[in-house]
Every structure is written in C-alpha cells, then in structure tokens.
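Working notes for the structure below.
Residue numbers (the working numbering): 467 to 669.
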C-alpha cells in the first residue's frame, strides 16, 4: 500500500501500516537461508516456507521451525556453495534496506491516505481499536508478537556457522535476540561472513 497506493485495495492506513511492517519482518528472515545448508526443511525447503510466510506469515513460519532437523552426514554438501539468493541476503545492503521499512510504515501510519483518516493520535487509536475488534488486524498483531518471541530461533545456529562466539559476540547476540526486528537488522549488519569457497559459488 505504501509503495503503490493507487492500485492497492483501500484499507484503513493504520491497518496497511501494520501489514507493511509485518511483511518487512517476514522478508528479514530470508537473511537466514544459509541455515538450509546444515538443516533440512521438508520437501518445500526453507525458501518455500519463507516465501509462504510472506502471504500467511506464521501459518508457515512456526511449522518451518517445527520440522527443521539437522542433515545427516550424507546430506551435507561436500563443498559449501552460495546461491544467488544467499549472496543477496549476505550483503550488508539487505539489512540496511530493511531497516528503513518500519520507518516507511510509521510514516504511512501518520500520513497515508490523508483524505481517509485524521491525525496521528487518531490513527493510533484506530489501530488499537482494530486490533481489539477486527480479526485481520488481530492476526497481524499476533503474528508480530510471535515473530518477536521466535525471532532468535535461528540466531544461535547462524552465529555458530560463522564462528561468532565468546565474549566478543555475547552482547551483540543478546541484543539481537531481545530487540524485536531491529535486533535482527543489527545482527545481519554485524555478523561475520560465511566461510564459503569462492571457487564453488553457484551463481
């Protein structure tokens, strides 16, 4: 809605802002796609679940965590490779861009569709009322809460994969686990690069 409001279905801007923020959070989890190198996610794979979470959020995200299992020795790749998607989300540009999306959502909450809503305080009140009375708004808020609670589920494995351990990384990991959304942004901006053989990259 905030990118192309002229073609998006008209909704309350407060609800649209919450939706935009939720989808931004779902996109942020793509930063962990390298986890599939060491763990299996069933027939659709991790990317399939993450893509589904863009449409039905926790209908896909929580089951993805539930079926995640370590790969056996025979399933592990002989040489680590990096796909185009992995290369994209490993870039510092990925979290930097996603850091701006909640700000855009907040701007949309405050200023979006000026002919359809009042001032900022009124819009916040409308959002609170929608969360209490509208099933769609409630589901968005519940999804945000679940994302906040489980956002660190893949963090420890990601840190271990990159050799980020010990006192040097303790405070960064704690912040990344506890601070909703921006904790993951901070981690993806700070984390070490994956140990990938340059000659084995799969572009």
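Glycine residues also receive a C-beta, built at the ideal position from the N, C-alpha and C atoms.
In this structure, residue 560 and residue 654 form a Cβ contact; the two beta carbons are roughly 7 Å apart against a cut-off of 8 Å.
Taking C-beta atoms as the reference points, residue 609 and residue 488 count as a pair closer than 8 Å.
Residue 536 carries a strand assignment under DSSP once its states are collapsed to helix, strand and coil. Counting the other Cβ atoms within 10 Å of the Cβ of residue 624 gives 16 or more, which makes it buried.
Listed as beta-bridge partners of residue 505 by DSSP are 536. Counting along the chain, residue 581 sits inside no alpha helix (DSSP H), nor does DSSP assign it H or E at all.
For residue 510, there is no enclosing alpha helix (DSSP H), as DSSP gives it neither H nor E. Shown here, residue 634 sits in a helix according to DSSP, grouped into three states. About 6 Å separates the Cβ atoms of residue 575 and residue 479, confirming a contact at the 8 Å cut-off. For residue 605, the enclosing alpha helix (DSSP H) covers residues 601-616. Taking a contact as a CB-CB distance under 8 Å, the pair residue 571 and residue 483 counts as one, their CB atoms being some 5 Å apart. One thing to note: residue 580 has its Cβ no nearer than 8 Å to the Cβ of residue 617. Within the same chain, 488, 492 and 609 come within 7 Å of residue 523 by CB-CB distance, once the 5 residues on both sides are set aside. CA-to-CA, the gap between residue 555 and residue 496 works out to about 7 Å. In terms of CA proximity to residue 527, 620 leads the group 639, 620, 642 and 661.
If you check the CB distance, residue 606 and residue 498 do not come in under 8 Å.
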